[in-house]
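Take a look at the structure below.
2 protein chains.
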Amino acid sequence: MDHIVVFYPEGKVLEVPEGTTLLEAARQAGVWLDSACGGEGSCGKCKVIVRLGSPHGEASPPAGGLTPQERAEGYVRACQSRVQGDLVVEVPTSSQLGEVKVLSGDIEAEVEKAFPLVDKVCVQLPDARQTPGQSDLERLQAQVLEQRPDLEALSADLEAVRDLPAAARAQGGHVCAALADMEANGRGFSRSRACAGSGEPAPGAARIIAVEPGSRAPVCYGVAVDVGTTTIAAHLMDLQAGQAVSVRGCLNEQIAYGADVISRMVWVEENTDGPGRMQQAVVSTINRLIGQLVVEQGITTEDIYGVACAGNTVMTHFLLGLETAHIRRDPYVPAARAFPIARARDLGLAANPRAPVYCLPCISSYVGGDIAAGVLSTGLADVDQTWMLVDMGTNGEMVIGNREWMVCCSCSAGPAFEGSGIAYGMHASLGAIERAHYDPTADAFSYATIGRVKPRGICGSGLIDALATLLRAGVIDRAGKINLGFASPRVRVRGDQPEFVLVWGHEVGREDDISLCEADIRNLVRAKAAVFAGIAVLLKNLNMAAEALDRILVAGAFGNYLDAENAVTLGLLPDLPLEKIRFVGNSSVAGARMALLSREARRKAELIARAMTNFELSAVSAFMEHYVAGLFLPHTDLSLFPSVASKLRARVS
Amino acid sequence: MDHIVVFYPEGKVLEVPEGTTLLEAARQAGVWLDSACGGEGSCGKCKVIVRLGSPHGEASPPAGGLTPQERAEGYVRACQSRVQGDLVVEVPTSSQLGEVKVLSGDIEAEVEKAFPLVDKVCVQLPDARQTPGQSDLERLQAQVLEQRPDLEALSADLEAVRDLPAAARAQGGHVCAALADMEANGRGFSRSRACAGSGEPAPGAARIIAVEPGSRAPVCYGVAVDVGTTTIAAHLMDLQAGQAVSVRGCLNEQIAYGADVISRMVWVEENTDGPGRMQQAVVSTINRLIGQLVVEQGITTEDIYGVACAGNTVMTHFLLGLETAHIRRDPYVPAARAFPIARARDLGLAANPRAPVYCLPCISSYVGGDIAAGVLSTGLADVDQTWMLVDMGTNGEMVIGNREWMVCCSCSAGPAFEGSGIAYGMHASLGAIERAHYDPTADAFSYATIGRVKPRGICGSGLIDALATLLRAGVIDRAGKINLGFASPRVRVRGDQPEFVLVWGHEVGREDDISLCEADIRNLVRAKAAVFAGIAVLLKNLNMAAEALDRILVAGAFGNYLDAENAVTLGLLPDLPLEKIRFVGNSSVAGARMALLSREARRKAELIARAMTNFELSAVSAFMEHYVAGLFLPHTDLSLFPSVASKLRARVS
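Protein chains in written order, with the working numbering: chain A, 1 to 653; chain W, 654 to 1306.
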């Protein structure tokens, strides 16, 4: 017998047979719920509230996942609840897959009251006879300013003025104007810029970039982009509702020109029209994502009125077509750190040609707009406690600070955590093993893939889980070598290379087995050593112990989660109480989303970038010492990782 | 025997035979001296100072031209001075042909201290090691702001940032930045705009639009354009020296689509891609002029970094590609009165594609940026006295006012004063009769042509002279009819049409005679009646007598002069003491030049446009009464023109 299930706020309706799990029903309806545990009922991430009707299941207190408070509030786990009778199910934003989990509590509120990068304002123009002598533009300007007391001045693009006379008369004077904030960085460099963080907001000015007839604002979308070295994520935002409607991600086509920013900068200099082709590659990647987003949403690229991009300094330079030759040479000078607001047509982006493109400001040649975005979205710059943000992309960047001060640094981690340079590595997309556990007693490797489909490879979070559990099981020793004496058929040698089979191909219908070899482990150990060395040097320079950190925020394109205990086990993060460690997902795109939605956020991003003190690791010999010491698991100096040491000892004993 | 003659400040050197007049020598050297009287020694406009050597001539006090003070200062008339021995001759700006005579005494001073629409600033960037962490853009911004204390904020075009890293390193850190004032109209419409004339200057912001390596500012030119309905004038300005280097003018190609703005607006609506083709026509005309200017100066269009345009409201709309449909329909609403600053590439102008294009603001649908420019350049808005500016283009516009208030109106005069609709009429260019006199006693018609070449036709100032002297001589009666009983072979009938022969063709080697027929006279009388009616209605509405005007400034493309007495004789201007009447030439292009050279001037133009009260003649029945009454020469009511009446009586008696 079939029942009707309604998912809202999405408004998706479908009929499913009795007994279907809500998780499966949601999947069929195209509502993507988070389900990190693979529908086993252990993570609680697929929680929903049933507003009408009563599903079967959830009778006994669940083994994991929901807090007592959540249960009291009516949350159930979608994977454990089965359809009986018709249901209306509310899906909280936090349960949606692909939604970035942002920790700062007041971001939502802040975004609500804000001025998006482009905002549509609809007005009724007075009859021209009532305003003798005034031009169409003046009538429009006066009405918009009346509706928007936050604005002080209102200029207009020539193109918009060209469209205005017809638009002003098409529907009885009802006109909607698209207002762009072209002064996101305060009319550029100003005398007062020296006193960073003064926080005095520049007087509000906006620019009319388009006008359309009508009394109700037509759709107005924006795209927030995380311009990563390895992967690029694009979020389609409804700028009027202030929320994401769809997200997409894929590999950066620039990978063809080098895996990391250094090799790409070299490529640009050595090839004809290098800058042009490099720019073309990133634009083409973003355009592909936008193409998918608009098709999915049933809109056109013309409906995209604004783009906000967060990327590291080199990626931002590539995107804008700026020269990078001097970023990679001592004294490492970028062309700019705060960027002109371009238009989509200047860059060839698949959006309304007039759409402003705002790039989050960079801090130094190797600490970029993605970090400004991360600090913005995590709220690090607002707290009294001292937090650390660690962004593990191809470059590892870390920021320590609070509302009073911020210090940052960057180190080259390589793309291992994004799945590159790993035999079966892949980025965090459909089919990637994002969570894993090896049980030596049963010789069982359990895992969950993104999308809960059959495994295609393994992404960063899965690699960390696999490596940590293999270490604890004794499959791998502290030097990263596979213990060939370990009694399991999974341990084998192919060619010269010892490896460990994670997934037997025959079990999932693939020809080859998914395995992890020693070369993979070496790459991962180097990456984690670089990140930990960066953290150690930064702490040392601040004369701080790791224990003084009130919170560690881990960002990165790992997938949808990161197991803090396993990260500590590997020596990737300091050995702190696990509740201090939080995974914040892609904090870069979260910051780009905020910048897209809120003028205050854009202003704040500029202030954050100016306020941050950059610490140049390349000038510090201590970094190399820490790096080399970090090439053991978890570290040469086990006393730095007492909890890990005790676990490893437990195994041995 | 030949002698060397040097003209400066032009720096032109040539050899000429002894006895050559300095006027002729200047002509051969390409230095164009004004010589309204045709080299007869009567006007004094070709005055120069001989700094080295001593020419022959000028022994006896001249019959006309130079004042005793000018003689005391060493001025001689170039037409009356002949080469003997080598000479160094200084040519004052006022003697150069094509230079617009602007009356306001302090314009020059004001322009000197100003910020041009685009300014080049050269700086030495500090070594990047001295400014750790700063980007190239920040180093440049800091240095420019240091040199330019008038600036508060400095943004940059993406293109300029793209060029910067290479430019910053090409010549040891010596960089010149082209700074554009993109906020000429104060960041657009602002809340404070309502209180016109508050005069509080907006905080100074500039935008870097280009960077070039080098320690000395390379050439930086601008073009000031008078975008007239019938003729277009373009002045090439050296923005660093603050002066014109060359001027050109020609017919507006839009004439193909109609002689006046009304017929052109109709054409635009009735033809496929009307707006595009109309815009193309004016841009093509301006580009042709710019092409001539750059060839003459040996520069390229890329060297033109800024363009300032003054035109009436319709012409400005055509130039910017704005819709004009509602300008010509009640209630006559323009798309805009203050215009976005476009870039040359947006309009297709033959200049550096990044060059800002500033259009002077308009007052109403029929009082345009040419009038704002005229008020700016004549200083009308600065005086305590009450002045009137009359601009006689195809539209006649008049402004009465002073520093406290300004009232303006506009009337359609037709293009007769620009030579259109007149059988032998032509615009004020080479070969046009610009000055004329008929002596009935000798039956002699004497005249001077522009360039002193043989006559090709007659322009506005020549027509006014011819008509007035024919009226005084009794050839024409007060109704504009040719007196067929007048005893002269010049009076004849061709077809049905009585006409008066101005120049016998055989005397100047042309096949036909240059004549003035009754249809021509009718067109001229209608034009002058419209202008005078506009003046009369405006005065009446201010409850002012014409005598209360302290000065009448007459602007227009008449040629290089206008005979005030003749203009009054025809009833074109009120019968005031002649010393109150001044011809100011093309005050529109003079204003555009100021706007190009001075930020203060641009700000002032915007204030002028906002402060002016427009008076709509089309709504006033009194205008038609005054117009009809003005269809006599000088007027139906002779008591309005006592001085003319007494001259006409003198002839009769």
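Ideal Cβ placement from N, Cα and C applies to all residues, glycine included.
Cβ of residue i within 8 Å of any chain A Cβ
i: W/E668; result: no
i: W/E671; result: no
i: W/P785; result: yes
i: W/A809; result: yes
i: W/S1017; result: yes
i: W/S1299; result: no
i: W/D999; result: yes
i: W/P993; result: yes
Residue-chain proximity (residue i, chain W), Cβ-Cβ < 8 Å
i: A/N614; result: yes
i: A/L251; result: no
i: A/E270; result: no
i: A/P353; result: no
i: A/P577; result: no
i: A/A536; result: no
Cβ-based burial, residue i [other Cβ within 10 Å; buried from 16]
i: W/T925; result: exposed
i: W/Q722; result: exposed
i: W/M1277; result: exposed
i: W/S1082; result: buried
i: A/Q385; result: exposed
i: W/K1134; result: exposed
i: A/H506; result: exposed
i: A/T469; result: buried
i: A/Y8; result: exposed
i: W/E1087; result: buried
i: W/S868; result: exposed
i: A/T441; result: exposed
i: A/P165; result: buried
i: W/Q777; result: exposed
i: A/Q147; result: exposed
Sheet register partners of residue i (DSSP bridge)
i: A/H437; result: A/S446
i: A/A613; result: For clarity, residue 613 of chain A is Thr in the given sequence; the question names Ala instead. In the DSSP output, where bridge partners are listed per residue, A/T613 has A/V407.
i: W/W1040; result: W/G1054, W/R1204
Closer than 7 Å at the beta carbon, the chain W residues around residue i
i: A/S135; result: V986, P987, A988, A989, R990
i: A/P92; result: Near A/P92 there are no residues of chain W at all, since even the closest Cβ is about 41 Å away, more than 7 Å.
Proximal residues of chain A, C-beta to C-beta of residue i below 7 Å
i: W/R782; result: P331
8 Å Cβ cut-off: residues of chain W touching residue i
i: A/R162; result: L973, G974, L975, E976, A988
Amino acids of chain A, ordered along the chain, whose beta-carbon sits closer than 9 Å to that of residue i
i: W/E1171; result: Within 9 Å Cβ-Cβ: nothing; W/E1171 doesn't reach chain A, min ~40 Å.
Interface partners of residue i on chain W, CB under 9 Å
i: A/H326; result: A781, D789, P818, A821, R822
I want to know whether the region 338-356 of chain A touches the region 375-384 of chain A - three or more CB-CB distances under 8 Å.
no
Check whether the region 133-149 of chain A touches the region 80-95 of chain A, counting contact only when three or more Cβ pairs, one atom from each stretch, lie closer than 8 Å.
no
Count the CB pairs spanning the region 951-970 of chain W and the region 875-891 of chain W that are closer than 8 Å, and state whether there are at least three.
yes
Touch check for the region 544-559 of chain A and the region 386-402 of chain A: three-plus C-beta pairs under 8 Å?
yes
Would you be able to state if there are at least three C-beta pairs under 8 Å between the region 574-586 of chain A and the region 594-612 of chain A?
no
Are there three or more Cβ pairs, one per stretch, closer than 8 Å when the region 497-517 of chain A is compared with the region 402-416 of chain A?
no
Give a yes or no on contact between the region 941-951 of chain W and the region 889-903 of chain W, applying the rule of three or more CB pairs nearer than 8 Å.
yes
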